[in-house]
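Here is the structure we will look at.
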Amino acid sequence: MSLWRQFVRGLRVLGNRKAADQEIADEVSHYLDEATAGFVSKGLPPDEARRAARLELRGMTTVREQVRGYGWENGVDILFADLRYAARRLIGDPGFTAVSILTLALGIGASTAIFSVVDAVLLRALPYPNPQEIVRVWEQSPKGRRMNLAELNFDDFRTQNNTFASLAAYDYRLSSVSGGSEPVRVNIADVSSGFFKAFGVEPSRGRAFAAEEQRLHGAPAAIVSYSYWQRYLGGATDLSKFHLRMDGAVYSVVGVMPESFDFPPGTAAWIPRELSAQGLSRTGHNWRGLGRLRDGITVAQARANLSTIARRIKERYGKDVDLNDAAVVPLADAMVGDVRTALLTLLGAVGLLLLVACANVAGLLLARTSARRKELAVRAALGAGRGRLIQQFLAESFSLSLAGGGLGILTATWAVRVLPAILPANLPRQQDVAINTSVLLFALAATVAVAASLGLFAAWRAAAGDLQEALTDGSRSYSGTGASQRFRGFLVIGEIAITLVILIGAGLLGRSFLRLTDTSPGFSQQNLITMEFSLPTPQWPERLDQSGIVRQVHLVQDIMTRLRANPGARSVGLAGAMPVAAGDDLPEGDFIILNGQKPPANYAEFGRIAQNPSQAGHALYCVASEAYFSTMGIPVIRGRMFGEQDDWNSPHVAVISESLARQRWPNQNPIGQLIDFGNMDGDLKPLTIVGIAGDVRARGLDSPPSPIIYVDYRQRGMNANSSPTILMRSAAPAGEIVSAARGIFHDLAPDVPVKFSTFADEMGGWLADRRFLLLLVGLFAAAALALAAVGIYGVVAFSVTRRTQEIGIRMALGAQRSDVLRLIVGEGARLAVLGVAIGVAASFVITRLLSSLLFGVSATDPITFAGVAVLLSLVALLASYIPARRAMRLDPNTALRYE
Amino acid sequence: MDDPNTDLIQGTLDMLILKALSLEPMHGYGIARRIEQVSRGVFKVNPGSLLTAFQRLERVGWLNSEWRQTDKSRRAKFYSLTRSGRKQLEVETTNWNRRASAIARLLKAEG
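Right, dumping it as structure tokens:
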């Protein structure tokens, strides 16, 4: 009540200060009149009565001021006065103001933009109810490696745990989906019954899966994503008319998930895992695990619970299983994975940039403050309290920072709109990047922190030392004490050191990037056009029969023949996945070496043989066509590649990669060896090794060459383990070839979705996240370098002004121009050397955090360190050379008289 | 904001103003005179402190003010007690009496 009254009255006074002052004046003068009348009635003559009354009041003005000084509104008045004064001062020095505001806008804008990404990807909760209860689940090997779940182990986890409200298995794959407005190649997910329950999300349209859709050979049903429904089903309300054909089966659409539901990311349709037969394996790690914890259960408790079950499985099955523990990780953490380091690196770099920006503005403020010391001394002498003086500085720094912060937020808003174009595709949750309340709060907090620290810093430096001295200082052109100049020097040293850290980070990332792009994948990358497509394939463990393979081969051969007929086509090959760029699509597994034994009759026997380490090996599985190796330019090391004679009826053959030969058959000739890799394609017919091919970095340029077993697609067909890709080497422009190829696919296989691209583009996508990180850190480094250069220039130029007289004397005493040059440049050089030394020392510690992002260079790479140090020193010398040249050209006569 | 040179005991000015106004609305000078007269000249009120105190008490909600004609047909600012002002006076009076009698007992015990 009384607070309200305080507030309203104060506002009323603020609203009409004049009327309020008049009222006080009236009251005081009435008091005076009454007091005079009082004295008169006591018998004093009117003149004396008036004097006595005035005496009693002790000055009307004082009383008026005393009364007027009561109330909170006076603080506001003073604040406004300070702000007005600050604004006048800033407008009066437009150069300083513009540079400071732009510098702060750069720092705050860049930080805000990066924070908006960090907020969306790392900080914001997942859009599901109680997201902290949702976890990913893995089996864990004795070596601590996380593995997906094997069917029977998952069943045990699900039925024996007492810590999960729901535990689900799921997997996803690229598949062709037709039945919508056009066939598309999209991700579909097989999910077990607890999947949607674990998320606590239900379809927003239609219904969840019914019981008869979640059993073996039940009614095939699918739930589609909101975006698939919008794009390919026209957003229709009646779902009953839609039937999607996926992998040779037809699924009726029963529901649509809400727009916000996107898991696994990019999934277009979910189908019940229970519809198809499950393998009965404890070592086939085919399923990803996901669950929701029960109320009040911690991740650690859940993990302990699953560990116990895992150990029980290990005790019971011993050597037949490869797990002995389990891992449980919150879903949000699991999704972010490796991105975390990259994002934190970016946040660190941008934070350092903000520091450099602040140091720069602090340096500018310091120069102004020292010029203001005299004014301050006068104000202090006139009785201004410390608080009032500090408030004055804060008013100035807040005006600057708020303008800078506002401009920064505008910049960040723009940046957030531009960012999606450069964000790497594999960054999770990037569609959520936006300027929202928490991002704005971050920007505000940064602005206020900058303002407060700059203002207090300026006030502290201004009040440092004896103000009396400033008053008595004779020189009119007072331009700062040695102490404040030294302090600016410290700031610049700090700036150089921080800039060096960012530059070294950018340098290390840049060198890694160059190393990576210089790394040969094992084949020639030029003029390679890629066509990824999918064929309807039966799901494991159902195998392709001979007629299925023949149909596939027919289709693919027809397509490749027509492609080869294109003018400009040099050669055309087929592989089970595009190496490097889509190398993760290649499956890997254990194969067995028969050593004269007869091939296993079934998988149980296969598994027994694989137990014997002398008979087992591990490799990637890749189907390939005859011309694949020549098309890619993968060299033949020994033996032969696939040939005309290798068809379904002839003995099945395999080509292995050089690294596999070296690993598995050291100092032996693997050619002629009989192996079995039937666990990959469901055909236990053994393979004879006929050749050794050159190594390929199939899994990515940053991985060592993988051991690979190539099989002939005409003998083994392409099941779900293959992501068939036609690769075509051509001299003609990619655009022409692609439009011709599009026509060919349309003629021969209208239902087959294809993705046309070039290998270079696909590699660009593969490198996108590294390029993004490098680009941004490089930008921040360049900005910091520019700021540091400006900082050095500012200090040295100021010093030249201050030392003009001294330079004049030196020249008059016979100093040469080169001496003056050396004197001034030396000043900049000293700052640079100190800054670089500190920066190098700091970088030795800090760059270690980057290790996981580097490739082929160490975190303390001497070339990068030396190169960056030299670069920064050169920039520092250049920045001090400009003012030095001015000093050199001073006319000693003028300089001597300079004040 | 309080003038340290006041002749009043610290913190009693508010109570005296409230007491003076408990009979009838008065203007500033009237209140000053009343306090002086009733205390038989023991307390002299500093006009600056008095007028500032009016501002404070009005903001807190214990006083209302109003410009009115005086009997000398001049405009003056008259203050009157609000309901909560009256309550406050009671509280302060009780407190004061308790403290005063305690001090009196202490002084007597020592004498």
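Protein chains in written order, with the numbering used here: chain A, 358 to 1256; chain B, 171 to 281.
Quick reminder that beta carbons are idealized off the backbone N, C-alpha and C, glycines included.
(message) Just to make sure I have the definition right: I need the residues of chain B whose C-beta is within less than 8 angstroms of the C-beta of V433 (chain A). Which are they?
(response) Correct list: empty, because the minimum Cβ distance to chain B is about 15 angstroms.
(request) Take G974 (chain A) and list the residues in its own chain whose beta-carbon comes closer than 6 angstroms to its own, dropping the five residues that flank it on each side. (result) F948, R1021
(message) Helix, strand or coil for D1069 (chain A)? Go by DSSP, reduced to three states.
(response) D1069 (chain A) falls in the strand class under three-state DSSP.
(request) Compute the distance between the beta-carbons of G761 (chain A) and I448 (chain A), then report whether it is under 7 angstroms. (result) no
(request) Measure from the alpha carbon of I1032 (chain A) to the alpha carbon of each residue in A:A976, A:I1083, A:D789, A:D439, then state which is nearest. (result) A:A976
(message) Contact between the stretch 1197-1206 of chain A and the stretch 853-873 of chain A is defined here as three or more beta-carbon pairs at a separation below 8 angstroms; is this criterion met?
(response) Yes: at least three Cβ pairs fall under 8 angstroms.
(message) Could you compute how far the alpha carbon of D1052 (chain A) sits from the alpha carbon of D690 (chain A)?
(response) 35 angstroms
(request) Output yes if chain A places a C-beta closer than 7 angstroms to the C-beta of Q207 (chain B); else output no. (result) no
(request) Examine chain A for any beta-carbon lying closer than 7 angstroms to the beta-carbon of L186 (chain B), and answer yes or no. (result) no
(request) Thinking A714 (chain A) and T460 (chain A) are a contact (beta carbons under 8 angstroms), I'd like their distance in whole angstroms, please. (result) 5 angstroms
(request) Taking all protein chains shown into account, decide if Y442 (chain A) is buried (16 or more other Cβ within 10 angstroms of its Cβ) or exposed. (result) exposed
(message) Given this structure, state the Cα-to-Cα distance separating I1239 (chain A) from V718 (chain A), to the nearest angstrom.
(response) 21 angstroms
(request) Give a yes or no on whether 7 angstroms exceeds the smallest Cβ distance from R407 (chain A) to chain B. (result) no
(request) Verify the CB distance criterion: does V420 (chain A) have a CB-CB separation below 7 angstroms to chain B? (result) For V420 (chain A), the answer is yes, since a Cβ of chain B falls inside 7 angstroms of its Cβ.
(request) Tell me, please, whether the CB atom of G227 (chain B) is closer than 7 angstroms to any CB atom in chain A? (result) Sequence check: residue 227 (chain B) is Leu here, not Gly. No, because no Cβ of chain A sits closer than 7 angstroms to the Cβ of L227 (chain B).
(message) Applying the 10 Å Cβ sphere with the 16-neighbour rule, what's the burial state of H387 (chain A)?
(response) H387 (chain A) counts as buried, since at least 16 other C-beta atoms from the protein chains shown sit within 10 angstroms of its C-beta.
(message) Taking the straight line between their C-alpha atoms, what separation do you get for I187 (chain B) and V370 (chain A)?
(response) 24 angstroms
(request) For A525 (chain A), name the three-state secondary structure that DSSP assigns. (result) strand
(request) Classify S1016 (chain A) as helix, strand or coil using the three-state DSSP reduction. (result) helix
(message) Counting only beta-carbon separations shorter than 7 angstroms, does E430 (chain A) have a partner in chain B?
(response) no
(request) Tell me, please, whether the CB atom of P217 (chain B) is closer than 7 angstroms to any CB atom in chain A? (result) yes
(message) In chain order, what are the residue ranges of uninterrupted beta strand (DSSP E) at least 3 long that sit wholly in the stretch 365-397 of chain A?
(response) Correct list: empty.
(request) Starting from the beta carbon of R415 (chain A), find every residue of chain B whose beta carbon is closer than 8 angstroms, and list them in chain order. (result) N216, P217, G218
(message) Any beta carbon of chain A sitting closer than 7 angstroms to that of K278 (chain B)?
(response) no
(message) Residues of the stretch 362-386 of chain A in Cβ contact with chain B at a cutoff of 9 angstroms, in chain order, please.
(response) R362, Q363, R366, G367, E380, I381, D383, E384, V385
(request) Could you tell me whether any non-hydrogen atom of the ligand ADP is closer than 6 angstroms to the CB of L1231 (chain A)? (result) The ligand content of the structure shown is nil, which means the ligand ADP is not present either.
(request) Name, please, each residue of chain D whose Cβ falls closer than 7 angstroms to the Cβ of K189 (chain B). (result) In the displayed structure, chain D is absent; the protein chains listed are A and B.
(request) Kindly say whether G181 (chain B), judged by its beta-carbon, lies nearer than 7 angstroms to any beta-carbon of chain A. (result) no
(request) Step through the CB atoms of chain B and report whether any lies within less than 7 angstroms of the CB of Y1150 (chain A). (result) no
(message) Is D427 (chain A) close to chain B? Criterion is C-beta to C-beta, closer than 7 angstroms.
(response) A quick correction: the sequence has Tyr, not Asp, at residue 427 (chain A). Interface with chain B (7 angstroms Cβ-Cβ cutoff): Y427 (chain A) is included.
(request) Locate the alpha helix (DSSP H) running through M127 (chain B), then write down its first and last residues. (result) Shown here, chain B extends from 171 to 281; a query on residue 127 (chain B) therefore has no answer.
(request) Count the other CB atoms, across all protein chains shown, that sit within 10 Å of the CB of P319 (chain A); report buried if there are 16 or more and exposed otherwise. (result) No answer is possible for residue 319 (chain A): the residues shown for chain A start at 358 and end at 1256.
(request) Have a look at the DSSP bridge pairing and note the partners of K247 (chain B). (result) B:W237
(message) Mapping the DSSP letters down to three states, classify S834 (chain A) as helix, strand or coil.
(response) Bear in mind that a pLDDT of 43 at S834 (chain A), under 50, signals an unreliable position, so the number given afterwards is only what the model happens to contain. Coil, per DSSP.
(request) Just the C-alpha distance for I779 (chain A) and R1127 (chain A), rounded to the nearest angstrom, thanks. (result) 11 angstroms
(request) Give a yes or no on whether the minimum CB-CB distance between A397 (chain A) and chain B is below 7 angstroms. (result) Correcting the residue type first, residue 397 (chain A) is Val in the shown sequence and not Ala. Cβ-Cβ to chain B under 7 angstroms: no for V397 (chain A).
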